[in-house]
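First up is the structure itself, then whatever we jot down about it.
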């Protein structure tokens, strides 16, 4: 089974040191004991509010932030790597296998480089090609796959719209032939009419190039449409993880349910205010004991304030939830 | 309901090195008391520029055509906003009768001055309150928008508040002068969904309580559906469809509005693929002749789309569409 998983994490934590000195120093746990498997070739969605640790988890998988505790492995069938200890030449090799697509296509592209140079840069830096002609071939090939015209390659980024710029960033991320790509809020900065186009492109690339995508987003409706499997994070913890359809039809965690209810409905007469959440996500430096969600949970009981729930199998294949009361709530149809 | 603000034939161009750029063209609408008007459009559609025009806030290189009229109806009579010249006169529309909430609450508060001091300052400018009265009133407003410990918060700085709190404080500040019209420019875009839902509920309550009019600018049709009574859809500086929110969202008539709704990922249908509106919004430097949407429209009906500006057609008494597909009843 583990061979089908490109990324496998067990009790993965990422902490950042805040403040200096003996008394002022504390550790901010951005990601706290997360165990997650990402199936090879899948479109894996990671959802959460700001401060939930979703970006940090993505960066930990890319070795862009150090893993403080736990294990994470990468296995694409060609190489198997232990991400926690990875360094030196093996890390360099990993850089071409795992890539990142950024959120803001306006900030991610250098205004002083032509589109050709932007896309070619990873190849040159990683030394993946032997001649300029070969580089050009690779650039043209990936540009075509990302639906960019060849004449676009000679221009500078300022000449392009948001959607086109995001396609350029995608081409740059994919030119080294990665097997695993983290797309961090990659459509959040785009207009609705363009967003659908970029999402369709990512799905196409997943199918045609066999890339595994980890799609980080705060927008549940976007995730619902693109991902095969969705994990929900809250305050550094994984609270629920399930195949997309299952998660949307039968969420088992009160937080997941609340997130769904909060999406503004297109139906003006649909009033969902009864299920809206009070309060805000607590500060990661001052986390509540017990279940991290108990301060906002309408179903919290005393046990939730003391004991932290573990991720356990819920009803349905591949469905996991971390809540003391999920069975009870399911039986009462409370969610 | 009485009119609060009427915008007639608003055309606004910016003088730039590359020539005159049309940002808003021939836009007319009105907002009445106690009514929320949703102004929808993508980036570059001119919705923010339109909103700024209402407060005469656009940069110095903005040129309004002589036909453009913005009339604010106050208890003291009508104010022709575009005719205001002196800063002292503009006090009426800037923070007096009209207040504005911006998208990024962090950027809208001065970072080195406490929230309370900023609220007190504008209250003293726009009313005859004493400093002590202004402070009491500010605390009341913070309490009203759901900020806990308003006595403590009033002396805090913007960076000490979370995103949701900051936006609430922004709303408290905008409403403390009791404006007649509130312009909210993407007020929930930077917020998380659970916080967005709270802020939307709060704004709905406040319209009823204060009997104001609100112009709610957003690109999110879901947010509009949940907040607005009327919707105006803008594209490339033109108002292409307007009507009551239920009619426009359930039965959109303009191909662009239809495309926007089709492009939206819907939770009740996960199977069907997303349908983007093909192409990109053209640069304002390259406005197409004829209908502004003709470069992306899939329902072109003939040459007139390419050369003739579509007239405003009443598809029913209150629902108007600017598209050649439709003909006024009795004309067809």
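Chains as they are written, first to last, in my numbering: chain A, 28 to 362; chain B, 15 to 346. Note that the Cβ used here is the ideal one computed from N, Cα and C, for glycine as well.
Does DSSP put residue i in a helix, a strand or coil?
i, result
"residue 75/B", "coil"
"residue 84/B", "strand"
"residue 248/A", "helix"
"residue 28/B", "strand"
"residue 364/A", "A question about residue 364/A goes unanswered here, because the residues of chain A that appear run from 28 up to 362."
"residue 204/B", "coil"
"residue 346/B", "Residue placement at residue 346/B is flagged as unreliable, the pLDDT there being 41, under the threshold of 50; the coordinate-derived value follows with that caveat. Of the three classes helix, strand and coil, the one that applies to residue 346/B here is coil, per DSSP."
"residue 143/B", "coil"
"residue 249/B", "strand"
"residue 267/B", "coil"
"residue 197/B", "strand"
"residue 17/B", "strand"
"residue 117/A", "helix"
"residue 129/B", "helix"
"residue 39/B", "strand"
"residue 328/B", "strand"
"residue 211/A", "strand"
"residue 134/B", "helix"
"residue 34/B", "strand"
"residue 268/A", "strand"
"residue 333/A", "helix"
"residue 232/B", "strand"
"residue 165/A", "helix"
"residue 192/B", "coil"
"residue 110/B", "helix"
"residue 357/A", "helix"
"residue 273/B", "helix"
"residue 29/A", "Residue placement at residue 29/A is flagged as unreliable, the pLDDT there being 43, under the threshold of 50; the coordinate-derived value follows with that caveat. DSSP places residue 29/A in helix when its eight states are reduced to three."
Residue j and residue i - do their beta-carbons sit closer together than 9 angstroms?
i, j, result
"residue 80/A", "residue 263/A", "yes"
"residue 35/A", "residue 58/A", "no"
"residue 88/A", "residue 118/A", "no"
"residue 236/A", "residue 213/A", "no"
"residue 277/A", "residue 281/B", "no"
"residue 313/B", "residue 327/B", "no"
"residue 251/B", "residue 205/B", "no"
"residue 74/A", "residue 260/A", "yes"
"residue 244/B", "residue 50/B", "yes"
"residue 246/B", "residue 58/B", "no"
"residue 271/A", "residue 254/A", "yes"
"residue 26/A", "residue 162/A", "Nothing about residue 26/A can be read from this structure; chain A reaches only from 28 to 362."
"residue 87/B", "residue 17/B", "yes"
"residue 249/A", "residue 274/A", "no"
"residue 188/B", "residue 172/B", "no"
"residue 320/B", "residue 61/B", "no"
"residue 291/A", "residue 236/B", "yes"
Between which two residues does the beta strand (DSSP E) carrying residue i extend?
i, result
"residue 258/B", "252-258"
"residue 55/A", "53-66"
"residue 51/B", "50-54"
"residue 261/A", "256-261"
I need the boundaries of the alpha helix (DSSP H) containing residue i, first residue and last residue.
i, result
"residue 220/B", "207-224"
"residue 237/B", "235-241"
"residue 177/B", "177-189"
"residue 197/A", "189-201"
"residue 230/A", "219-236"
"residue 85/A", "81-88"
"residue 165/B", "164-167"
"residue 321/B", "317-321"
"residue 282/A", "281-289"
Measure the beta-carbon distance from residue i to residue j and round it to whole angstroms, keeping in mind my assumption that it falls under 8 angstroms.
i, j, result
"residue 225/A", "residue 217/A", "6 angstroms"
"residue 216/B", "residue 197/B", "Contact flag wrong, Cβ pair sits at about 16 angstroms."
"residue 170/A", "residue 198/A", "5 angstroms"
"residue 65/A", "residue 33/A", "6 angstroms"
"residue 113/B", "residue 193/B", "4 angstroms"
"residue 132/B", "residue 124/B", "6 angstroms"
"residue 143/A", "residue 181/A", "7 angstroms"
**Message:** Contact between the segment 251-268 of chain B and the segment 234-254 of chain A is defined here as three or more beta-carbon pairs at a separation below 8 angstroms; is this criterion met?
**Reply:** Counting C-beta pairs with one atom in each stretch, the segment 251-268 of chain B and the segment 234-254 of chain A have fewer than three that are closer than 8 angstroms, which means they do not touch.
**Request:** State whether the segment 88-108 of chain B contacts the segment 224-236 of chain B, with contact taken as three or more CB pairs (one from each stretch) at a distance under 8 angstroms.
**Result:** No, the segment 88-108 of chain B does not touch the segment 224-236 of chain B.
**Asked** Counting Cβ pairs, one atom from each stretch, are 3 or more of them under 8 angstroms apart for the segment 323-338 of chain B and the segment 261-270 of chain B?
**Response** Taking one beta carbon from each stretch, the segment 323-338 of chain B and the segment 261-270 of chain B have 3 or more pairs nearer than 8 angstroms; the two touch.
**Message:** Could you check whether the segment 270-290 of chain B touches the segment 281-297 of chain A, counting it as contact only if at least three pairs of C-beta atoms, one from each stretch, sit closer than 8 angstroms?
**Reply:** The segment 270-290 of chain B vs the segment 281-297 of chain A: in contact.
**Prompt:** If we count Cβ pairs, one from each stretch, closer than 8 angstroms, do we get three or more for the segment 62-81 of chain B versus the segment 153-163 of chain B?
**Reply:** By the Cβ test, the segment 62-81 of chain B is not in contact with the segment 153-163 of chain B, since fewer than three Cβ pairs between them sit closer than 8 angstroms.
**Prompt:** Hey, is the segment 165-184 of chain B in contact with the segment 114-130 of chain B, meaning 3+ C-beta pairs nearer than 8 angstroms?
**Reply:** Because the criterion of three Cβ pairs below 8 angstroms is met, the segment 165-184 of chain B and the segment 114-130 of chain B touch.
**Prompt:** Is the segment 187-205 of chain A touching the segment 122-135 of chain A, taking contact as three or more C-beta pairs under 8 angstroms?
**Reply:** Judged by pairs of C-beta atoms under 8 angstroms, the segment 187-205 of chain A touches the segment 122-135 of chain A, as three or more such pairs exist.
**Prompt:** Would you call the segment 34-48 of chain B and the segment 321-337 of chain A in contact, with 3 or more CB pairs under 8 angstroms?
**Reply:** Put simply, the segment 34-48 of chain B does not touch the segment 321-337 of chain A. Fewer than three CB pairs are less than 8 angstroms apart.
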